Amino acid sequence: MVRIALPDNTQLDFEGPVTALQVAEKIGPGLAKAALAAKVNGQIIDLTATIDHDTAIELITAKSDPEAALDLIRHSCAHIMAQAICRLFPETKLVYGPTVENGFYYDLDLTRPLSPEDFPAIEEEMAAIVKADLPFNRYEMPRDKAMAKLQAEGNRYKIDNAQRAQGDTLSFYTTGPVGNGNFEDLCLGPHLPRTGCVGAFKVMSVAGAYFHGDANEKMLQRVYGTAFADKKELKQYLNLLEEAKKRDHRTLGRQLDLFSFHEEGPGFAFYHPNGMIVWNQMLDYWREEHRKTGYCEISTPIILNEKLWHQSGHWDNYKENMYFVNIDETDYAVKPMNCPGGCLVYKSHPHSYRELPMRVAELGLVHRHEASGVLHGLFRVRRFTQDDAHIYCTPDQIKDEIIGVIDLTLKIYETFGLTDCHLELSTMPEKHIGSDEIWQKATDALKDALAAKNIDYAVNPGDGAFYGPKIDFHIRDCLQRSWQLGTIQLDFSMPERFDLTYVDRDNTEKRPVMIHRAILGSLDRFLGIIIEHYGGAFPLWLAPEQARIMPISEKTNEFAESVFQRLKKAGLRCTCDKADDKINSKIKRAHGLKIPYMLVTGPAEQEADSVAVRVRGGNQQKTVTIDEFIKVAQKEIEQRSISLLLA
RNA sequence: GCCAGCGUGGCUCAGUGGUAGAGCUCCCGCCUUGUAAGCGGGUGGUCGUCGGUUCGAAUCCGACCGCUGGCUCCA
1 MVRIALPDNT QLDFEGPVTA LQVAEKIGPG LAKAALAAKV NGQIIDLTAT IDHDTAIELI
61 TAKSDPEAAL DLIRHSCAHI MAQAICRLFP ETKLVYGPTV ENGFYYDLDL TRPLSPEDFP
121 AIEEEMAAIV KADLPFNRYE MPRDKAMAKL QAEGNRYKID NAQRAQGDTL SFYTTGPVGN
181 GNFEDLCLGP HLPRTGCVGA FKVMSVAGAY FHGDANEKML QRVYGTAFAD KKELKQYLNL
241 LEEAKKRDHR TLGRQLDLFS FHEEGPGFAF YHPNGMIVWN QMLDYWREEH RKTGYCEIST
301 PIILNEKLWH QSGHWDNYKE NMYFVNIDET DYAVKPMNCP GGCLVYKSHP HSYRELPMRV
361 AELGLVHRHE ASGVLHGLFR VRRFTQDDAH IYCTPDQIKD EIIGVIDLTL KIYETFGLTD
421 CHLELSTMPE KHIGSDEIWQ KATDALKDAL AAKNIDYAVN PGDGAFYGPK IDFHIRDCLQ
481 RSWQLGTIQL DFSMPERFDL TYVDRDNTEK RPVMIHRAIL GSLDRFLGII IEHYGGAFPL
541 WLAPEQARIM PISEKTNEFA ESVFQRLKKA GLRCTCDKAD DKINSKIKRA HGLKIPYMLV
601 TGPAEQEADS VAVRVRGGNQ QKTVTIDEFI KVAQKEIEQR SISLLLA
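So the first sequence is numbered by my numbering: it starts at 1 and just counts up by one.
Structure follows, in C-alpha cells:
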C-alpha cells in the first residue's frame, strides 16, 4: 500500500504504486486536468512518474505555482520546437535546450542556416504538435546501455551531454508513444504531461552560439523562443518588449538629440549639446560627493610610452585590445586604463604613512579596441570615461575604505533613483599573482565590509582579476539585460610593478595596497542606463531643457520673451517656442522632447504675471506666478529631486 | 572576431528587374490661435560603398563598411 499525504494534511491510500496523475484524479477531475507536474521532496517530477513509497506530494498547476508551471511549459516547448525543426530539417542534430529568463532556446547543429523567414513554418509545425496533444513519455536506461545507444546514433553532442549527466541511469523523453520513429531526446526532465498544455508560444530569434561557449568549437544555431500558459500572457510579454524598445537609449538618444554614432568612428560616441548638459550635471554632482568624501582629483595623459604598459602588465594581457601610435619613431599606446598614469603621479614624490589613505580620483578617458560584434550603443563602446579612483592604503585600512566606497556608491545610485542593483564578489582565479595569504586577507576584508553593511551578494568563485579580488555592482537595462556599473578591486600587482612605497612609523619603506574603484563605471554606459531608467524623462536637475515657454499667439510673444529672459536669468535651462503654430502643436512637440515643465503664456497670464504650468506626462495645468515657478524649480534642482515638484 | 538579419531624404518607413515614394522634420505663405499634430505650398535621396550579371539594378550575385540580435570577450 502507498500512502500519499497532501499539502492540506489529508492522506490518500492506494493499493500499490501510483502516479501523481492518479492522485489528482482521485481528488477530482478538474485538478487532474489542470495538473502539470508534481513536487515530491522539493523535487518536481512528471505527472506520470511512478511513486512506490509513502510520501507527501504537491500537485503543480499554472495557478498553484506559476513560476514552476512556466518553467515546465517553456522547457517542454523547447522540445516541441526542436521536434518541429527536426520534422522540417531531418538532418538536424540536437544539442541542448534549456529555459532562460524570458523563454527558452535550443542549440542545434543544422546543415543549413536558419533565418527568420523559417520561423512561420517552424511555428506552424509547433502548432500542429501542440494541437495533436501528444503525451511526453519518459523512459530510463542503465548508463552503459544508454551510452551504447547514443554512440550508435552518432550525435556527439548528446554523447557529451550524457557524459556530463550524473547518476547510473539516463532518461529519454519521446513526444508521442515510445518508438515508431517519434521525436526523442536525452533529457533529465520533467515535462508537461502533454504538448497541448503549452498555451501560447513564439519563435523569437536565431543566433550563432559556440558549442560549450568555446570560440574554437563549432558554431551552432541557437533558436530562441518563448512560451506562456495562455495567449494573453504572451501578448502582454510582447507588448512589454515593445514598450521597452521605446525606452532604448539608442532610440531616445536620437529622439532627444543627446548623442550620435557615425561610420567614421564605430564605437565612438559623439555627444551633442543636450547630451553634454546631462553629462556635466552628472559630473557636477559626482565631484560634489567626492569632495565631501575626501577625494582629490588628478588627470593623466591619454597617450603614454608603450614601455609603461609593459611595466604595468597590460601589454602582455590586453595588447589585442589596445590602440598604438608611433610618433618620432617611438611607440606609444593609447591608455586602456588609468592606473599606470596614476601610479606615476603617486611616485612623483615620497609618501608618509600619515597621508594614507590617499583617495585619488580621475575622470579618465580610455580607449579599448572592443571586438566589432560587441559594440552596443553607449553600453559597449571603444572610447569611454571612467569615474575612476585609486585608494592607496595600508592592509589594515582596507575594510574601512571598502565600506566607505560602498556607502558612497549606494548614495550616488540612490540620487539617480537606481535601487534595483545587485552585488557580486569575485574571488581568486587560477591564474593569479600574490600569495594565498594576501588573497585570503583581501577577500576577507571585502566580505567583512559587505557583512558590516548587511548587503546580500552573490559569489563568483575564481572570477576575480588576476591581481586581486573584487566586488561588482550590477543593474539591469529596460530589456532585462544585466550591466556592470561600479566595481571595487583590490590590487596587489600594481604597487609591486611600480615599486610604490610609503614610509611607515618605524621609518621603513612599506608597500601600500591599491584599491581601484569606479562607481558609475563608464560614464557613457551610465548615461545610457539612466536614459533608459527614466525613459528619457529626466529629473529636472538633469533635463537638457527644463522648461519651455509657449505663447498662445503672436500677441503674447513679447511677454513670453520677457518670461524666458527672467527664467534664464534665474539659471533655468529653457527656450521660448514662438513658432507660428497652435498651442496644441507646441504642447505635442514639447511632450515629444520630454521637457519637464511647459509654460503657456497668453493674455490671461500676462495680466497676472503668471504662467500656466503643464507638467510632462500629464494633462493637468495649474497657474502660478512667475516668481513662484522660479522658486519651486530652483528648489527642485538644488535637491536633485527625482520627481517633479509641480506635478 | 563568429553566426544570422538589416542598410531607401534629418527621422519613421513603403517600394521583388522598367522614369525613386509617403508621413513627420525643415523652409515659405495663410490662420492670430487656450493645452498631445490648423491649412496650403516648397526644399531635400548618385537607394551604405565598390565590383559583377542584365538592353535596363534600390531590387539579382560577390566583396567590403556600418548597424541590430545573439555567441566568445569585457583588464
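Cβ coordinates follow ideal geometry from the N, Cα and C atoms, glycine included. Note that the structure is predicted; figures quoted are calculated from it, not measured.
Please tell me whether residue i and residue j are closer than 8 Å, where the distance is taken between their beta carbons.
i	j	result
H191	F104	no
L114	V40	no
D387	L256	no
P551	K569	no
I549	T601	yes
F379	G528	yes
E651	T175	Residue coverage of the chain in this structure runs from 1 to 647, which leaves residue 651 outside it and unanswerable.
S299	R497	no
R640	T415	yes
F473	H432	no
L188	L150	no
A69	T61	yes
L728	K33	Any property of residue 728 remains undetermined from this structure, which presents the chain solely from 1 to 647.
L485	I471	no
D499	H516	no
A35	L21	yes
Among the options, which has the Cα closest to the Cα of residue i?
i	options	result
L423	Q397, I402 and V459	V459
E117	T92, S205 and F172	S205
K292	S426, V381, V405 and A35	V405
G417	P539, N326 and V513	P539
G225	S435, D71 and E153	D71
M322	I302, A56, S493 and D160	I302
G275	Q480, R505, G253 and F261	G253
E370	L363, E362, G377 and V381	V381
M337	W315, L356 and D328	W315
V613	N557, E638 and Q546	Q546
E450	D420, D463 and D407	For the record, residue 450 in the displayed sequence is Leu; it is not Glu. Of D420, D463 and D407, the residue nearest in Cα terms is D407.
A590	Q565, E264, R616 and G464	R616
P350	M282, N507 and E288	N507
Buried or exposed, going by whether 16 or more other CB atoms sit within 10 Å of the CB of residue i?
i	result
N454	exposed
D230	exposed
F526	buried
V178	exposed
G213	exposed
D524	buried
P266	exposed
S653	Outside the displayed span of the chain (1 to 647) sits residue 653, for which this structure offers no information.
G208	exposed
F270	exposed
D7	Rather than Asp, the amino acid found at residue 7 in this sequence is Pro. Burial call: exposed.
V648	Past the edges of the chain, shown from 1 to 647, lies residue 648, and the structure says nothing about it.
H53	exposed
Q480	exposed
G342	buried
V23	buried
E636	buried
R112	exposed
Can you look up residue i in the DSSP assignment and give me helix, strand or coil?
i	result
T226	strand
Q83	helix
D436	helix
A5	strand
E362	strand
R74	helix
L188	coil
L88	helix
Q639	coil
H34	Going by the sequence as given, residue 34 is Ala instead of His. The answer is helix: DSSP assigns A34 an H, G or I state.
Q634	helix
E355	helix
E58	strand
E509	strand
Item to complete: Enumerate, from N- to C-terminal direction, the unbroken alpha helix (DSSP H) stretches of 4 or more residues contained entirely within the region 90 to 168.
Response: Segments of the alpha helix (DSSP H) lying fully in the region 90 to 168: 119 to 132, 143 to 153 and 156 to 164.
Discussion item. If we require 4 or more residues per run, which alpha helix (DSSP H) segments fall completely within the region 386 to 428?
Written reply: 398 to 415
Worksheet entry | Every unbroken alpha helix (DSSP H) within the region 538 to 613, with a cutoff of 4 residues, ordered by chain | The qualifying runs are 557 to 569, 583 to 592 and 603 to 608.
Worksheet item: What alpha helix (DSSP H) runs, 4 residues minimum, are completely inside the region 217 to 270?
Response: 231 to 247 and 249 to 255
Worksheet entry | Length-filtered (3 minimum) beta strand (DSSP E) runs lying within the region 439 to 468 | 457 to 460
Discussion item. At 3 residues or longer, what runs of the beta strand (DSSP E) sit wholly inside the region 276 to 350?
Written reply: Listed in chain order, they are 303 to 305, 323 to 327 and 330 to 334.
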